[in-house]
Structure formats: C-alpha cells, structure tokens
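Data first, discussion second: the structure below is written as structure tokens.
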Amino acid sequence: MKSKKISISIKIALLVMIVSLFGVGIISYFSYSQAKEIFIQNTANRIARDVNQYQKELENNMDKLKYNIRILTFNPSTKGFFRAYLDPYKYDEKTNRTYGDYKNDLITIMSLMMKQNASYYQVRILNDNGDEIIKLEKDNGNIIQIPENKLQNKKHREYFTEAMQIGNDIYVSNIDLNKEFNKLEFPLRPTVRIAKAIYVNNKKVGIIVINANIKKLFEFSKLQNKDIQTYISDMKGYYILNFKNPVKEFGFEFGRDYRIYYDFPILKDFYKTNNHIFSKISNENIIEARKVYFTRDKYIVVTKIAPVDLFKQNASNYMNKLILFILLVTIGITLITTILVKKLTKPIEQLTIIARKIAASKGDKSYDIKIESNDEIGELAKAFKIMLKSLSASKKEIEKFASNLEKEVEKKTKELQKINENLQHIVDEKVNEIRDKEKLILQQSKMAAMGEMIGAISHQWRQPLNSLALNIQILEDLAEEDQLDEKKVHEFVEKNMQTIQFMSQTIDDFRNFFRKDKSIENFSVKEAIEKTISLQKAQLEDHNITLHTDLEDVYIKGYKNEFMQIILNLISNAKDAIEEKRLEVGDFKGLINIEAKEDKENVIIKISDNGGGIPEDIKDRIFEPYFTTKEEGKGTGIGLYMVKEIVERMHGDIELVNIENGAEFVLKFKKGV
Numbered sequence: 006m007k008s009k010k011i012s013i014s015i016k017i018a019l020l021v022m023i024v025s026l027f028g029v030g031i032i033s034y035f036s037y038s039q040a041k042e043i044f045i046q047n048t049a050n051r052i053a054r055d056v057n058q059y060q061k062e063l064e065n066n067m068d069k070l071k072y073n074i075r076i077l078t079f080n081p082s083t084k085g086f087f088r089a090y091l092d093p094y095k096y097d098e099k100t101n102r103t104y105g106d107y108k109n110d111l112i113t114i115m116s117l118m119m120k121q122n123a124s125y126y127q128v129r130i131l132n133d134n135g136d137e138i139i140k141l142e143k144d145n146g147n148i149i150q151i152p153e154n155k156l157q158n159k160k161h162r163e164y165f166t167e168a169m170q171i172g173n174d175i176y177v178s179n180i181d182l183n184k185e186f187n188k189l190e191f192p193l194r195p196t197v198r199i200a201k202a203i204y205v206n207n208k209k210v211g212i213i214v215i216n217a218n219i220k221k222l223f224e225f226s227k228l229q230n231k232d233i234q235t236y237i238s239d240m241k242g243y244y245i246l247n248f249k250n251p252v253k254e255f256g257f258e259f260g261r262d263y264r265i266y267y268d269f270p271i272l273k274d275f276y277k278t279n280n281h282i283f284s285k286i287s288n289e290n291i292i293e294a295r296k297v298y299f300t301r302d303k304y305i306v307v308t309k310i311a312p313v314d315l316f317k318q319n320a321s322n323y324m325n326k327l328i329l330f331i332l333l334v335t336i337g338i339t340l341i342t343t344i345l346v347k348k349l350t351k352p353i354e355q356l357t358i359i360a361r362k363i364a365a366s367k368g369d370k371s372y373d374i375k376i377e378s379n380d381e382i383g384e385l386a387k388a389f390k391i392m393l394k395s396l397s398a399s400k401k402e403i404e405k406f407a408s409n410l411e412k413e414v415e416k417k418t419k420e421l422q423k424i425n426e427n428l429q430h431i432v433d434e435k436v437n438e439i440r441d442k443e444k445l446i447l448q449q450s451k452m453a454a455m456g457e458m459i460g461a462i463s464h465q466w467r468q469p470l471n472s473l474a475l476n477i478q479i480l481e482d483l484a485e486e487d488q489l490d491e492k493k494v495h496e497f498v499e500k501n502m503q504t505i506q507f508m509s510q511t512i513d514d515f516r517n518f519f520r521k522d523k524s525i526e527n528f529s530v531k532e533a534i535e536k537t538i539s540l541q542k543a544q545l546e547d548h549n550i551t552l553h554t555d556l557e558d559v560y561i562k563g564y565k566n567e568f569m570q571i572i573l574n575l576i577s578n579a580k581d582a583i584e585e586k587r588l589e590v591g592d593f594k595g596l597i598n599i600e601a602k603e604d605k606e607n608v609i610i611k612i613s614d615n616g617g618g619i620p621e622d623i624k625d626r627i628f629e630p631y632f633t634t635k636e637e638g639k640g641t642g643i644g645l646y647m648v649k650e651i652v653e654r655m656h657g658d659i660e661l662v663n664i665e666n667g668a669e670f671v672l673k674f675k676k677g678v
C-alpha cells in the first residue's frame with residue numbers, strides 16, 4: 006500500500022516551524038548567556054566609571070582643602086599676627102598694627118572660610134609649643150570662638166609634631182574620630198586634619214590646622230545605593246564607611262578589628278601591593294577598588310561591590326520575555342509561509358507531473374507545457390521547453406563525448422606522469438646541491454677553527470720550544486766542560502719531559518677539541534670555557550688582549566666539543582674586532598669579558614669586547630653564510646653562521662647587542678639536569 010504524499014507547501018511550512026523552534030532554542034540560550042554577561046560587564050564598567058569619578062572628586066576636594074590652608078598660611082595677616090604675638094608689646098612695628106587687630110582679621114578670614122566650606126568644622130592656630138592661640142568651631146552652622154581658658158596644648162599630637170618637622174610641605178593626617186581633651190567627641194565626627202607650618206623671618210613660629218568632617222568633605226550621602234554597596238577603608242583596611250554595617254566603622258577606635266578584607270578576602274593582597282586599581286568579576290560579586298592618594302604615602306581605598314545574582318535575575322527576566330516574543334513571531338511566520346508557499350508551488354506541481362511523464366518515456370516523447378507566468382516560475386517553464394528540445398541532441402553528443410573521453414584521459418595521465426618524473430629529478434638535484442653546500446660550509450668552518458687552533462698552539466709552543474733549545478744548549482756546554490754528571494742529566498731529563506708533556510697535552514686538547522661528539526651529555530659550562538681559553542690564552546696575550554671571566558659552575562645538555570667551538574669562534578671574532586679597531590684608532594688595551602650565569606630555567610652566557618661593535622645596518626646579516634665585514638682574504642664569513650647553527654642544534658638562542666665601545670653576544674641554553 007502506497008503511503009500518502011505530503012505536498013511541498015506543507016513540507017516547507019513544517020521546515021520553517023522546525024528551523025524557527027531550533028532558532029528559538031539557540032537564540033534563547035545565547036541570549037541568556039549574552040544578556041547575563043552584558044548586564045554584568047556593563048555594571049562593572051559603570052562601577053569603574055563611578056569609582057574613577059568619585060576618586061577625582063575626592064582629589065579635588067583635598068586639593069581645595071590644601072589650597073585653603075596655603076591661603077591662610079601665606080596671608081599677610083597671619084604673618085603680622087605672629088610678628089605681633091612674638092613682640093613683648095604685642096605690636097607689629099612693620100605695619101604699625103597690634104596683636105588684637107590681626108587677631109580680629111584672622112578670625113574674620115577663618116570664619117568666612119568655614120562658612121563657605123560645609124565640611125570645615127574647626128580651624129586653629131597653634132604656636133611653636135603646641136599651644137592653641139585661636140580656635141574656631143562650627144556649631145549648627147554658627148561659628149564660635151573658643152575662650153582662652155578652654156584652649157588646649159597639642160604638642161604631643163601627631164599632626165603638630167609632623168607639621169613642625171616637614172618644613173613647607175602640607176601635613177595630612179590619618180582619618181579618625183575627633184577627640185577633645187583626649188576623649189572621643191559625641192556625636193562621633195570622622196575627621197581628617199590638614200596642617201602647615203608658619204614661617205616668620207625664615208623661622209617656624211607655629212602651625213595652622215583645619216579639621217574637616219569627611220562625611221561632608223567626601224559627600225558620603227550620595228554614595229548610598231541599595232544594589233551597589235560602597236565601602237571606604239584606610240591604608241590598613243579598617244572601615245571608614247560601611248552603609249551595610251555601620252558598627253564596623255572606625256573599629257580601631259574601640260579596640261575592634263573590623264577590616265574590609267576579612268569580609269572580602271580577595272582584597273587582602275591588594276592592600277599589600279603598590280597597585281592602585283583592583284577590578285574583579287567573581288562568581289559572587291563585581292568588585293572595583295581604587296587607592297586615592299592624599300600624599301605620597303597616605304591614601305584611602307574606595308571600593309564598590311555589586312552582587313552577581315542581581316544581574317543573573319535581570320538576565321533571566323529578559324530571556325523569558327525574549328522567548329515569548331520569538332515564539333509568537335515564529336507561529337505568525339509559519340502560518341504566512343504555509344499560505345504563500347501553497348500558492349507559489351502550484352505551477353511547480355504541474356511541472357513535476359510533466360517531468361514524471363518525460364522520465365517514463367525516456368525523453369522520446371514531447372509534451373505541451375501550459376504554464377503562463379511573468380515570474381521565475383514562468384521562466385522555469387520556458388526553460389523546461391527548451392530543455393526538452395535539446396534533450397535528444399544532447400544525449401547523442403554525450404554518448405560521442407563519452408567514447409572519446411577515456412582516450413583523452415589516458416593521454417593526459419601519461420603526460421602528467423612524465424612531468425612528475427622530471428619534477429622529482431629537479432627536486433633531488435636541488436636537495437643534493439643544498440646538502441653539498443652545507444657540508445662545504447661545515448668543512449670550511451672546521452678548517453677555519455682548526456686554523457685558529459693551530460695559531461693558538463703555535464703561541465702555546467713558542468715558549469716551551471725556546472726552553473727546550475736553551476736546555477739542550479746548556480747540556481752541550483756542560484758536556485764540553487766535563488761538568489755533566491748523573492744528577493744533572495736526571496734534572497735535565499725531568500725538566501724537559503715536563504715541557505714535552507705540556508706540549509703533548511696541547512696536542513691532546515687540539516685532537517679532543519675537533520673530535521666529533523657521539524652523544525648528547527650534561528657538561529660543565531665553566532670547565533668547557535676554561536679549557537677553550539687555555540688554548541687561546543697565549544695568543545691573546547701576544548696581541549695585548551686581556552680576558553676576564555666570571556663563571557658560575559653551571560651545566561647544560563648538548564655537545565661539549567661543539568659548544569667549545571662556539572666559544573672559540575666568538576673569542577676569535579672578538580680578537581679580530583679589536584685588531585681591526587687598532588688599525589683605525591691606534592694601539593689600545595684590548596678587553597674580552599666572558600660571563601656565565603643561571604636563572605630559574607636557563608644558563609646565560611655573555612661574551613663581550615671593546616672592539617667597536619657592529620654597525621646597526623648590518624647587524625641582522627652577521628649570521629648569514631659567507632657574510633663578513635673583514636677585508637678580502639681575512640675572513641670566510643662562516644664562523645658566526647656555524648655558531649648560530651650549533652646553538653640552534655643545541656636548542657639554544659643567540660643574540661647580538663651593541664654595548665659601549667663594543668659588541669656583546671648573549672647565548673641562552675636550557676639548564677642541564
């Protein structure tokens with residue numbers, strides 16, 4: 006029994022429904038994730054902007070406070086007041102005014118300043134003994150002058166001693182609760198004190214102190230927010246402001262250890278570092294903290310914290326609304342799509358029927374297509390008619406083409422095989438050419454190094470050979486004078502055997518130096534460098550070159566003899582650079598330094614000289630094969646190339662830097678076991 010066919014319009018409608026529902030699921034998932042992240046990130050950005058803006062406001066308010074105390078300090082009335090105060094007759098001879106005149110002027114100036122600044126609740130002038138001379142207080146907006154019998158001595162208070170010691174700088178106190186007569190003032194008044202010394206005739210005569218209520222100065226009232234909590238703490242982490250739990254504010258004044266990083270441990274390290282900003286989005290909170298500096302060594306920390314759960318809920322609400330909206334739109338699109346597709350696909354159904362008939366006749370019959378339309382479907386019907394006409398001719402052409410295709414494919418296949426054979430031959434030739442070139446470079450490098458070593462050995466042997474010749478001459482003279490006995494013969498043999506053993510050891514070192522390493526080993530960098538230096542020491546001395554070393558006993562893993570060739574080439578390169586410089590500037594003391602140190606992971610070797618360095622325009626080319634800055638015939642241009650090849654073979658790095666009066670090669674290898 007045949008199953009009932011489903012029309013294309015129904016299929017398209019179902020497809021639209023499925024795709025839409027799938028899209029709803031994907032969009033909902035990503036919308037929730039993105040909405041949550043966007044809400045959290047936008048809030049974090051807003052908190053950061055708020056903290057930054059509040060930091061600027063705090064700094065501006067503190068700058069204004071410092072500016073005001075400077076105005077009071079440098080005011081002519083302040084200077085005149087102290088001149089009259091210090092005069093036995095309370096008279097200022099300079100301006101012909103009395104102590105009382107200046108006192109009234111200062112009270113007027115200080116009162117006006119306190120009225121203009123709501124946070125200033127106390128302004129005082131103290132003499133150099135810490136005695137209060139003038140003290141104004143603000144009480145419910147009224148400025149009150151404290152009588153002389155209630156003035157106090159403050160010489161033991163930190164703000165007095167510090168202000169008298171720091172010279173012309175402004176002293177800013179730590180923030181604490183104000184005390185009068187050594188007792189906390191109630192209601193509690195959080196205070197910052199700012200003080201500056203007063204000079205008369207280049208002598209400190211007293212200080213001016215302004216007490217500011219930080220609740221007003223820092224405008225705490227505008228920081229309150231039910232969703233985002235603002236905390237302010239001092240340098241030690243003690244709470245200065247805590248809307249959520251006010252009892253923790255100024256806990257140190259009551260012997261209670263309430264610190265912000267006890268409640269938020271993630272902040273603890275921030276208080277121990279020199280970082281000024283801390284930003285963190287954790288699974289629980291969004292945290293933004295910033296240090297606001299009042300002086301170079303005093304600051305407070307402003308912290309804003311918002312719970313992440315709040316924004317997760319906002320994201321969930323947003324997602325639910327979005328899903329509902331997308332579902333309604335999907336249903337509407339599906340219904341409209343079904344109706345439109347049903348209408349549009351009717352001509353296609355007609356074409357389908359005709360196509361089945363043509364398929365059944367195998368293209369041997371023609372059929373009349375009666376579809377008239379001015380859209381793409383009409384164009385399709387016309388094209389279908391043309392296709393039927395050309396179907397028969399195309400069928401014949403295809404059969405003919407198929408018969409010739411196999412022959413053409415076989416021909417082209419043979420041509421490609423021939424091309425591939427030629428190409429492989431060319432590649433093999435080039436590879437062999439490169440290998441031969443590399444072998445030649447390696448051989449040239451070894452021959453150049455061997456030449457250096459032979460030169461070094463000739464210097465090493467010069468003194469022993471002279472010694473042997475002299476000893477033989479002495480032996481001959483003793484024999485002629487008949488003074489040769491068994492003891493002298495023994496001494497002669499022993500002394501000259503030592504010289505011969507030294508020369509033999511030199512030959513052994515030369516042979517070992519060029520012996521090819523068979524395996525990778527851990528070896529001492531210090532020992533390898535010192536052995537290489539011993540072969541070149543005499544040659545360097547003959548060229549008036551001093552070699553200094555600072556070698557730690559460190560180990561690396563690699564080919565010891567190849568490493569010694571690196572050191573040999575770099576020392577020889579330094580020697581040549583010094584000799585070339587002497588041709589330009591005259592004789593001078595040549596110097597080569599070799600240093601070997603280690604850090605946590607690497608061994609670092611530095612070889613430097615005072616040979617003038619490498620021009621910047623050719624620095625990047627010195628490791629190229631056959632590139633040399635020496636005169637023709639004096640350099641092969643392969644020494645530094647082979648140095649780089651060996652270093653990279655040992656998985657190391659090499660770098661050239663120009664230093665004062667010369668060049669420095671820096672080699673870096675992984676530490677050995």
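Using our numbering, read the sequence shown as starting at 6 and increasing by one per residue.
The beta carbon of each residue, even a glycine, is placed where N, CA and C say it ideally should be.
- Between Gly135 and Phe165, the C-beta spacing is below 8 Å.
- Asp97 counts as buried, since at least 16 other C-beta atoms from the protein chains shown sit within 10 angstroms of its C-beta.
- A residue is called buried when at least 16 other Cβ atoms come within 10 angstroms of its Cβ; Phe269 meets this threshold and is buried.
- Across the structure, Leu272 and Ile43 are spaced so that their CA atoms are roughly 24 Å apart.
- Under the DSSP assignment, Tyr236 falls in the beta strand (DSSP E) whose first and last residues are 234 to 238.
- Ala311 is positioned such that its CB atom lies closer than 8 Å to that of Asp232.
- For the pair Asp133 and Asp110, the Cα-to-Cα distance works out to about 21 Å.
- Secondary structure at Arg198: strand, using DSSP grouped into helix, strand and coil.
- Leaving aside the five residues that flank Thr196 on each side, the residues in its chain whose CB is nearer than 6 Å to its CB run, in chain order, Asn183, Asn216.
- For Asn134, the three-state secondary structure derived from DSSP is coil.
- Within the model, the alpha-carbon separation for Leu222 versus Gly105 is close to 32 Å.
- Looking at the DSSP output, Ile550 bridges to Gly595.
- Residue range 290 to 300 is occupied by the beta strand (DSSP E) that includes Arg295, with no alpha helix (DSSP H) assigned at that position.
- Assigned with DSSP and collapsed to three states, Pro81 falls in helix.
- Burial state of Ser577 is buried, judged by a 10 Å Cβ sphere holding 16 or more other Cβ atoms.
- With 16 or more other Cβ atoms from the protein chains shown falling within 10 Å of its own Cβ, Glu293 counts as buried.
- Excluding residues up to 5 positions away in sequence, Tyr646 lie with their Cβ nearer than 7 Å to the Cβ of Glu629 in the same chain.
- Uninterrupted beta strand (DSSP E) stretches at least 3 residues long and entirely within the segment 127 to 184 occur at 137 to 144, 147 to 150, given in chain order.
- When the alpha-carbon of Ala123 is set against those of Lys155, Thr113, Ile612, Ile148, the nearest one is in Ile148.
- CA-CA distance, Lys531 to Thr554, rounds to 10 Å.
- Following the DSSP letters along the chain, one finds Phe670 inside the beta strand (DSSP E) bounded by residues 667 to 675.
- Taking the Cβ atoms as the reference, Ile534 lies roughly 6 Å from Ile599, within the contact range of under 8 Å.
- Annotated three-state conformation of Tyr266 is helix, per DSSP.
- Considering only Tyr59, Lys673, Met67, the residue with the shortest C-alpha distance to Ser226 is Tyr59.
- In the DSSP assignment, Gly105 falls within the unbroken alpha helix (DSSP H) covering 104 to 121.
- Note that the C-beta distance between Ile199 and Lys326 is not below 8 Å.
- When beta bridges are read from the DSSP output, Pro312 appears opposite Asn290.
- By the criterion of a C-beta distance shorter than 8 Å, His548 is surrounded in its chain by Lys580, Ile583, Glu584, Gly595, once the five residues flanking it on both sides are discounted.
- In this chain, the alpha helix (DSSP H) harbouring Leu573 covers 565 to 590.
- Here the C-alpha atom of Asn207 lies approximately 58 Å from the C-alpha atom of Ile612.
- In this chain, the beta strand (DSSP E) harbouring Asp658 covers 658 to 664.
- Distance from the CA atom of Met115 to the CA atom of Asp274, rounded to whole angstroms, is 43 Å.
- At a Cβ-Cβ threshold of 8 Å, Gly677 and Asn527 count as neighbours.
- Beta-bridge partners of Ala217 (DSSP): Tyr125, Val197.
- Ranked by Cα distance from Val334, the options Gln150, Asn666, Val21 are led by Val21.
- Inter-residue distance for Leu19 and Ile328 is about 20 Å (C-alpha atoms, whole angstroms).
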